[in-house]
Structure formats: structure tokens, C-alpha cells
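As C-alpha cells, the structure follows; a few thoughts come after it.
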Amino acid sequence: MAFTLTINGVDHAVEAPDDTPLLWVLRDELGMTGTKFGCGVAACGACTVQIDGEAVRSCQIALSDVWGPVLTIEGLGAPGAPHPLQVAWLRHQVPQCGYCQSGQILQAADLLARNPDPSDDDIDAAMMGNLCRCGTYGRIRAAIHEAATLMREQAQ
Amino acid sequence: MSRLGKITRRTLLIGWVAVAGGVAFGVWKVRQPLANPLTDAGSLNAFLIIDRDGVTIVTGRAEMGQGAQATLAAMLAEELDLDWQEVRLAHGPASAAYYNGALFEGALGGADYALRDWQRSVGGALGQVGKLLGTQITGGSTSVRDGFDKLRAAGASAREVLKRTAAQRLNTTPDTLRTEAGAVVARDGTRIPYADLAEAAARLTAPQVAPRDPSTWRLLGRELPRPDLPAKVDGTATFGVDVRLPGMKFASVRMNPRLGGRMLRHDPAPALAIAGVERVLDLGDGIAVVARNTWAAMRGAEAVVIEWGPASYPVDSAAIRARIEAAFDGSPNSTLRDDGNPDAHVGIEAEYHLPYLAHATMEPMTATARFTGTALELWSPNQTPLVQQKAAATAAGLPTEAVTVHTTLMGGGFGRRLESDYSALAARVAVQMPGVPVQVTWSREEDMTHDAYRPGVIARLRGKVEGGRAVMLDARIAGEGLMAQAGARMMGIPVPGPDRALVEGLFDQPYAIPHYRVRGYAADVGIPVGFWRSVGASHNGFIHESFIDELAHAAGRDPLEFRLDLVRPESAVAAGVLEAVRDMSGWDQPKVPGTGRGVAMVWSFGTPVAEVVEVVDEGGRIRIARGWIACDTGRVLDPGILRAQMEGGMLFGLSAAVHQEITFADGAVQERNFPDFDSLRMHNAPRLETRLLTANPHMGGAGEPGVPPAAAALANALFDLTGIRARSLPLWRQFDLVM
Numbered sequence: 001m002a003f004t005l006t007i008n009g010v011d012h013a014v015e016a017p018d019d020t021p022l023l024w025v026l027r028d029e030l031g032m033t034g035t036k037f038g039c040g041v042a043a044c045g046a047c048t049v050q051i052d053g054e055a056v057r058s059c060q061i062a063l064s065d066v067w068g069p070v071l072t073i074e075g076l077g078a079p080g081a082p083h084p085l086q087v088a089w090l091r092h093q094v095p096q097c098g099y100c101q102s103g104q105i106l107q108a109a110d111l112l113a114r115n116p117d118p119s120d121d122d123i124d125a126a127m128m129g130n131l132c133r134c135g136t137y138g139r140i141r142a143a144i145h146e147a148a149t150l151m152r153e154q155a156q
Numbered sequence: 157m158s159r160l161g162k163i164t165r166r167t168l169l170i171g172w173v174a175v176a177g178g179v180a181f182g183v184w185k186v187r188q189p190l191a192n193p194l195t196d197a198g199s200l201n202a203f204l205i206i207d208r209d210g211v212t213i214v215t216g217r218a219e220m221g222q223g224a225q226a227t228l229a230a231m232l233a234e235e236l237d238l239d240w241q242e243v244r245l246a247h248g249p250a251s252a253a254y255y256n257g258a259l260f261e262g263a264l265g266g267a268d269y270a271l272r273d274w275q276r277s278v279g280g281a282l283g284q285v286g287k288l289l290g291t292q293i294t295g296g297s298t299s300v301r302d303g304f305d306k307l308r309a310a311g312a313s314a315r316e317v318l319k320r321t322a323a324q325r326l327n328t329t330p331d332t333l334r335t336e337a338g339a340v341v342a343r344d345g346t347r348i349p350y351a352d353l354a355e356a357a358a359r360l361t362a363p364q365v366a367p368r369d370p371s372t373w374r375l376l377g378r379e380l381p382r383p384d385l386p387a388k389v390d391g392t393a394t395f396g397v398d399v400r401l402p403g404m405k406f407a408s409v410r411m412n413p414r415l416g417g418r419m420l421r422h423d424p425a426p427a428l429a430i431a432g433v434e435r436v437l438d439l440g441d442g443i444a445v446v447a448r449n450t451w452a453a454m455r456g457a458e459a460v461v462i463e464w465g466p467a468s469y470p471v472d473s474a475a476i477r478a479r480i481e482a483a484f485d486g487s488p489n490s491t492l493r494d495d496g497n498p499d500a501h502v503g504i505e506a507e508y509h510l511p512y513l514a515h516a517t518m519e520p521m522t523a524t525a526r527f528t529g530t531a532l533e534l535w536s537p538n539q540t541p542l543v544q545q546k547a548a549a550t551a552a553g554l555p556t557e558a559v560t561v562h563t564t565l566m567g568g569g570f571g572r573r574l575e576s577d578y579s580a581l582a583a584r585v586a587v588q589m590p591g592v593p594v595q596v597t598w599s600r601e602e603d604m605t606h607d608a609y610r611p612g613v614i615a616r617l618r619g620k621v622e623g624g625r626a627v628m629l630d631a632r633i634a635g636e637g638l639m640a641q642a643g644a645r646m647m648g649i650p651v652p653g654p655d656r657a658l659v660e661g662l663f664d665q666p667y668a669i670p671h672y673r674v675r676g677y678a679a680d681v682g683i684p685v686g687f688w689r690s691v692g693a694s695h696n697g698f699i700h701e702s703f704i705d706e707l708a709h710a711a712g713r714d715p716l717e718f719r720l721d722l723v724r725p726e727s728a729v730a731a732g733v734l735e736a737v738r739d740m741s742g743w744d745q746p747k748v749p750g751t752g753r754g755v756a757m758v759w760s761f762g763t764p765v766a767e768v769v770e771v772v773d774e775g776g777r778i779r780i781a782r783g784w785i786a787c788d789t790g791r792v793l794d795p796g797i798l799r800a801q802m803e804g805g806m807l808f809g810l811s812a813a814v815h816q817e818i819t820f821a822d823g824a825v826q827e828r829n830f831p832d833f834d835s836l837r838m839h840n841a842p843r844l845e846t847r848l849l850t851a852n853p854h855m856g857g858a859g860e861p862g863v864p865p866a867a868a869a870l871a872n873a874l875f876d877l878t879g880i881r882a883r884s885l886p887l888w889r890q891f892d893l894v895m
């Protein structure tokens, strides 16, 4: 089947079976490898992207079910103009291996879009589906708080 | 990777003769220089490439999250006066020139904390074994220790030869020149960038100069921004699974879940009926499915109907446990501690059980290969490039030198990627598809059920207290002999004699106990076992530090003061980390009702680490609320990275303690994905505080020592809260923890 996906503001024609998960359309059909495969069963969050502003596990979304524009890590910031989350992630030197971080950042972006000043508990509740085997949780929490501050300042 | 290939063709690089050979730093003397792998000319050693595009520091060590490439690069950049923002990192090729000498210091029989200087010299000489064996290994928490002399020498030597080159050009002498931010600067302010000097400098003999005094350091000792991180937050970092080559096919494998067993028969038809599936390859002990994308390949692999042959090991966890227990009936494989006469004492007894564990890296096993008929190119996220090269060559029926290895970033290593099975499988698939590059990615289920597992162990301990002190500790531990099995698998040579991995973290702890014996019993189970972050100390830290807690309780003593009394006479450095966590955690202040606290201290990989865990009863559910870590690695080269390793290590250990076990039924691993083998998450990981001490006279490791105390500190805290002593893991089976 032929589909057109809007990814990071650009339309992409995709010719693939309609049950192909979005994750594999991104990675293998379109070569956008920033979104990662971790488990295939929505248990780790490494494949998190946003569809129409909502964080979703792309390993569970069939190509034919993609209901809106897709945002991936490649489209979150722009060259020379990183998203505040990416700025904060570097300030706090969050990643270790880095493999889960695309998903962590897209999940955090969803949180901050809904809740511009999250508490620790808010962050825990939003991020508990995103596994990090390196154990970067403390720095992720600190970076989300910092990004929230940066975004509130930018909004003023 | 392509960058390095391009550079090699241009040959605009500098090979620093001074580095491993001849240079008079301690014991790093090598008689025969090793070929510089970055040139065809074959000069010695290459940690540095300077070309028109800038400076690339080639570390020969892999990046799996631990940040070693960054700190190694800082060593060289410190001496060479590079602008840190301009530094680029590369792993470099598979080459014996990047042998790891520090790894073999651990081959000495004694306890690290008690080694004398002459013994360390012997250990350094043993490091030459690493050169002879070609051990280019990222592991054993050794990268920084191993590189400390080599990379600084490389940078200092490079700086001086660049100054000589500039001096010739400016008709002056090198002593009138200085170096700054990637350039040689003359007294009149003339700046010559290194890139303008590199080609000429490469033709001179590089002088050997001593590295700078640490008091002058600008980079080392500070928290530096890691050069690998920008690409990890914008999605451009290339992990093994992200390699994309023109015309590349995607594949996945399904191997016998009875590990090492054969495939009796299979029917590929159901897989071939799936859209996107192109081929089903018979691998003898399993199948590979080649497809247009990884998802179709994984679905296809699941769909093949397969009849599997039997396993060669006991078929279920009960039978495996019986096999391990049977090892106690044989004679010990090692008695690496044997002080006093433990048999003359009668005391308390306890038995501990720890499960097999998977590594569960975030990035599942994967490798990409292209076979041309006479050569094979391999892209592999790995900790052992030369082992991968040999494994792929064997799998492809090629001479070793016909395989080129590109070591990519790893989405976690934890010891799993010391193994080479994923590279060998990629090679086996590629040889059936000449000319077509193919990426072989395992499903999470395939990854978790086909690991080289942390061995399951059983330990039997006896101990006695008198006058408030431990006077006897007699430990026996049984488990699969890791060194014999993994040594044969990786190096082609079984490591004979006492299996240090079985007893490390148990025989080598800095406690003054007069009657103290540790014996290891190597069980012959036959399940593939491997190196899991902190190896033997991962189980022995739990066993030793839980039992010390039992002795403290038997003595009616505070467990931290009880430890300090025993540790102070053996090691002031180890006592220091205990005192630090005591102060940090407010140990001496009264506890809040409904809380429990536990402490553990383990010396592993050259570094003593003490950890305190606080647990809180939240209406029947127990939360692991807070943790405190104190470590002493001696000199700290990057406090930010070191802190991250300690905290990550503690969470890695706590995750295993709470959640993880690998069990067997019908010869197959039963845990298949993260829901069966979970880790701590954001909401149930403790808040951590870490203190870095610097009293250790010898540099210790960073990547692993944070792991071993974690499980015991938690179990001891749970005992403090509930009065229930955990003698087996995982803890969710015994305690109602916040999950």
C-alpha cells in the first residue's frame, strides 16, 4: 500500500504493508535511525515519537493507523537551534550509552507541552515507561526541570 | 568509520613512536614495537590523526556509555594543548597496538587492596601478556588506568615534534615556542595551526618527553562536556543497529533456545508467505530470515516452524541448581584466602542463592556484514574488536586479516559485547549473500534467551563473633567456571588454574578477620556464562556483605561500626569510604520510624565503594527511597563521568537485586522481554548522592565498582526495616516493593 506520512514537517511517500509498525517505517524504510528499537512490546519507550503532539510507542503503531503528523528526534530541534530539552540534556550531561535518550526526550517534550512546571512526581509518572539501563534517571529529572524553566522564560 | 578510511588513504597522520615502546614510564616497556594500524608504512602506535579537517583522537577503546573515550581523549588533549570543543573521538581499527595492559594486573592472585609496589610492577609486566595476546578489550574497568600513561605520552610527544617542525619553519629553536588551542605560537605571536605542520612533523622522529605535572592541568580533573553527547541528544549518533549501507538487507535470526543445540528440521514456508520476507537461510543450529525491513525479518523468523534438538545441560532450574550444589562434593578449584584455622571454630551458618542474569543491553544484539567472496567487512558494536575479527573470519571461512572490523557506538555493553556471537552470526548470514550488505538484528526475545549469562551461584558460609568482632569467616561458593569457559570461547585458550572470577569480591575484601577462608568450587553445568558488569563481585558483594551484616547482628553491633572495626586495621582507604557514607547518610542520627537503613562496602576493580540504602514503608509497600555512595578511585580525572558511573552502577545492581533472574524450563530460558526481566524506573529508583574520595594511592576503575555493594546494601536495609534476612535474589519474591 502507498501512504503519505508527514514527518518533522516533511511529507514522505511510503510503499509498505499497512501493518508495518511506524518504528520500522522510520528506521528501515526511510532511514531515520534516531528512533530506536528496544523491545517491540511497548515496554521500554526507546521507540517513543510523537503523533499529533502525543508521545506514542512507534513499535505499536501500524503504518495505516498513523493519525497525524509525526515528530521524531531528528525534527525536535534544528541545526543551531536545539530544543530546550536538548540544551538541558547537554548541560546536565544526561546520556551515557544514549540509546534510550531519543525516546526519553520525546516523552519529556510531551510532558512539558501539557505541564509547563512539572513536580518530581509529575515527572516520575510521565517518564516511568521509559527504561534506561545506564541509570541516568537523576540527570533526566534535573534536565526536565531545567528545560521547563528555559521554556517558560522563552514564552515570556 | 568512513572518516578513518579516508584519512588512512591520505596518510596525513602522525604515528607516535614514543608511546608504548621505549618510553620510560613505570613498567610500560615493550621490546618489539607494534605496527601502527593507521598506516601502511607500519610505524608504531597511533592515537592521533591531524588533518585539514581537524584533530581526531583514536582511543582504541569502545564507547558503551561509560565515557572512557572522552577521558582518554582529555589525557592526550591536555598534553597537546587542544581546544576541547574541537576534539573528535574515534575508536579506530581492530589492532593489537591498542592492547589493554591494565586488564592483566588483575591476573595476580592477591587482593588488590593489599598489593605491594613490587607486586604492582609484576602486574604491569603481566600487562605485556595483553600485547602478546592482542587483547584490545574495553572492559574490566581498565580503560582510564590503562591509558593514563599511554595517551599523555602520545600527546606530549606530539606537542614536541610539532614544535620542532614549527621551529624549522620559523628558523628558531623549539624552546622559543609554545602551544595553545591547536596551534604552535611563536614569541612574536605568529600562530601555525597543527594542521599546517602535521605532514612535515610525521617525517621527524618524535621525542619522548615526560607528561606535565598534574598541578598544571587545564582539562584533566574537571567535568568536561563529553564529545559524544551532542549526537546522542539529536538522534545522529550511529549505534550498531543504525548502520545503513547502499543496498543493505535486513535480517533476523532464530537460534536453538536450548543453547548450543542443533536444529533437527524446519519449514520455511510460513515465513516466506509474509510480505517483505525474501529468504530463509539454514544456519544448522537455527535460521536467518532476510527481508526488506527488520520487522518483516523478525516476524518471518517467528513464523518458521522448527524442531529443535536437545540441550547438553540440565533442562530446568531445579536440575541446574542440583548440578551446582554437586560441585561442593568435589575438591575446591581455589582457596585464595586461607588465614588461621576456621575449622577450629563453630558459629552461625547461612546459605545464599543467586540466579543467572542476562545483560539486557538497551540495544539488542546486532551486527552488519558485507562479504565479497575473499573479504568481509563487519560493523559491530563490540568491546573486543580482535575477537570479533577472528570470530567473523572463522564463520566466513576466511583468514583473519581478510576481515575488517568497524566498532560502532554501543547501546550498552555491560560485558555482553565482549562476546562475538552476534558478529559471527552476521558473518554466517553474509557469506550466503555475496556482495549484499546485511544487518542482522536480534529480537529482544532472541537477545534475552541467547546470552552468555552471569552465572547462578550457591554459597555456604560459616562465621563466628567474639567480643563484638568477627573472628571467623569461612565461605564456600559454587558456580560455573567462567574463566575456563569464556577464555576458551574468546581467546581459544582455556584459562587454567584457580577461577578468580568465581571468588573475586569474596576472598579479596579488606577485613581483618583472623580465621578467614574462601574456597571456590567450579561447577560443570554447560550453560553459556559470561562477564556481567562487575563479574564475580556482582554475586560475591551480595554474599559477603550480607553475611557480614548477619555477623554484626549476631554480635549485637551497629553494622557500620562493626565493619569499621574490622576494616580499619586492613585498609585506611576502605575505612574512608565507610566513614564517608556514614556522614553523608546521617547514619548516626536516629532513624525516622518506618524506615530501614543498610550499608555495604566492596573493593573491586581497584576501587573501594561503600553504599547506604534507605527504605521506607509506605503503608505496606516498601520504597527504595535514597542511596548514598562513596568511592575512592585515587586520582579523579573527570568527576562528572565518575559520578555517573557510580550512580549508574548502583542502579544496575539494585535493578538486578529487585527484579532480575533467568530461569530455565525444557532447556530454554523462560524470561523473554523486559516485562519478565525489568529494571528500576524513574519512579522507583532511589535519589542518589555521591562523594568522590581521593586517598587511594593507586588509580581504581569506574565502570563496575559501583555495582557490587548495591544488592547487599538494599537487602541489609530491608532486614533493618522488616527483620527478614534475604538470602536469595531477586527481592520482589520476598518483599512487597514499589514496582
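Chains A and B supply the protein sequences, listed in that same order. The first sequence lines up with residues 1 to 156 when you count with the numbering used here. The second sequence lines up with residues 157 to 895 when you count with the numbering used here. Ideal Cβ positions, reconstructed from N, Cα and C, are used throughout, including at glycine. Computed from a predicted model, the values in this text were never measured in an experiment.
query                                                                                                                                                                                                         : result
Cβ atoms of residue 837(B) and residue 8(A): under 9 Å apart, would you say?                                                                                                                                  : no
How close, in whole Å, do the beta carbons of residue 221(B) and residue 248(B) come, if the pair is a contact with beta carbons under 8 Å?                                                                   : 19 Å between Cβ atoms; not a contact.
Taking the runs of the alpha helix (DSSP H) that are 4 residues or longer, which of them lie wholly in the stretch 407 to 487 of chain B?                                                                     : 425 to 428, 450 to 459, 473 to 482
When you compare only the Cα positions, how much space is there between residue 658(B) and residue 613(B)?                                                                                                    : 9 Å
Quick check on DSSP: helix, strand or coil for residue 251(B)?                                                                                                                                                : coil
Select from the stretch 16 to 34 of chain A all residues with a C-beta closer than 9 Å to any C-beta belonging to chain B, and list them in chain order.                                                      : 16, 17, 19, 20, 21, 23, 24, 25, 27, 28, 29, 31, 32, 33, 34
Does the count of Cβ pairs from the stretch 856 to 873 of chain B and the stretch 702 to 715 of chain B closer than 8 Å reach three?                                                                          : yes
Measure the CB-CB distance between residue 734(B) and residue 588(B) and report whether it falls below 9 Å.                                                                                                   : no
Would you say residue 397(B) lies against chain A (beta-carbon separation less than 9 Å)?                                                                                                                     : yes
Does the stretch 605 to 612 of chain B come into contact with the stretch 540 to 557 of chain B, if we say contact requires no fewer than three beta-carbon pairs (one atom in each stretch) closer than 8 Å? : no
What three-state label does DSSP hand residue 571(B) in the structure shown?                                                                                                                                  : coil
Mind checking the stretch 433 to 467 of chain B against chain A and listing, in chain order, the residues whose C-beta falls within less than 8 Å of any C-beta there?                                        : 448, 449, 450, 451, 452, 454
With a threshold of 7 Å on Cβ separation, who are the neighbours of residue 479(B) within its own chain once the five nearest residues in sequence on each side are excluded?                                 : 470, 679, 681
Distance cutoff 9 Å, beta carbons only. Does residue 119(A) sit that close to anything in chain B?                                                                                                            : no
Does DSSP classify residue 137(A) as helix, strand or coil?                                                                                                                                                   : helix
Against residue 136(A), what residues of chain B qualify as contacts under a CB-to-CB distance less than 8 Å, listed in chain order?                                                                          : 800, 804
Between the Cα of residue 121(A) and the Cα atoms of 142(A), 71(A), 42(A), 62(A), which residue gives the shortest distance?                                                                                  : 142(A)
May I have a chain-ordered list of the beta strand (DSSP E) segments no shorter than 3 residues that lie completely inside the stretch 531 to 587 of chain B?                                                 : 532 to 536, 559 to 563
Checking contacts by CB at 9 Å: is residue 219(B) closer than that to chain A?                                                                                                                                : yes
Could you list which residues in chain A have their beta carbon closer than 9 Å to that of residue 519(B), in chain order?                                                                                    : 36, 37, 38, 46, 97, 99
Consult DSSP for residue 757(B) and reduce its assignment to one of helix, strand or coil.                                                                                                                    : strand
State buried or exposed for residue 138(A), treating a residue as buried only when at least 16 other CB atoms are found within 10 Å of its CB.                                                                : buried
For residue 793(B), report the span of its alpha helix (DSSP H) as first-last.                                                                                                                                : Unbroken run through residue 793(B): none, as it is neither H nor E.
What residue range does the beta strand (DSSP E) around residue 340(B) cover?                                                                                                                                 : 339 to 341
Could you name each continuous alpha helix (DSSP H) segment of 4 residues or more that falls completely within the stretch 623 to 651 of chain B, going from the start of the chain to the end?               : 638 to 647
Taking residue 323(B) as part of the alpha helix (DSSP H), name the residues at either end of that continuous run.                                                                                            : 299 to 326
At 4 residues or longer, and completely inside the stretch 325 to 391 of chain B: list those alpha helix (DSSP H) runs for me, N to C.                                                                        : 350 to 357, 385 to 389
Would a check of beta-carbon distances place residue 774(B) closer than 9 Å to chain A?                                                                                                                       : no
Identify, in the order they occur along the chain, each residue of the same chain with its Cβ nearer than 8 Å to the Cβ of residue 893(B), setting aside the five sequence neighbours on each side.           : 777, 778, 779, 780, 814, 840, 887
Would residue 538(B) count as contacting chain A if we go by Cβ distances under 9 Å?                                                                                                                          : no
Check each candidate in 381(B), 865(B), 352(B), 349(B) and name the one with the smallest Cα separation from residue 759(B).                                                                                  : 865(B)
Which same chain residues end up closer than 7 Å to residue 237(B) when comparing Cβ atoms and leaving out the 5 residues on each side of it in sequence?                                                     : 315, 335, 336, 337
Can you grab the Cα-Cα spacing for the pair residue 183(B) / residue 116(A), in whole Å?                                                                                                                      : Any reading at residue 183(B) must be qualified, since the residue scores a pLDDT of 24, below 50, and its modelled position is unreliable; no value is offered.
The stretch 736 to 751 of chain B: which residues have C-beta closer than 9 Å to a C-beta of chain A, in chain order?                                                                                         : none
Give, in chain order, every residue of the stretch 59 to 74 of chain A whose Cβ lies closer than 8 Å to some Cβ of chain B.                                                                                   : 72, 73, 74
Measure from the C-beta of residue 839(B) to each C-beta in chain A and report whether the shortest distance is under 9 Å.                                                                                    : yes
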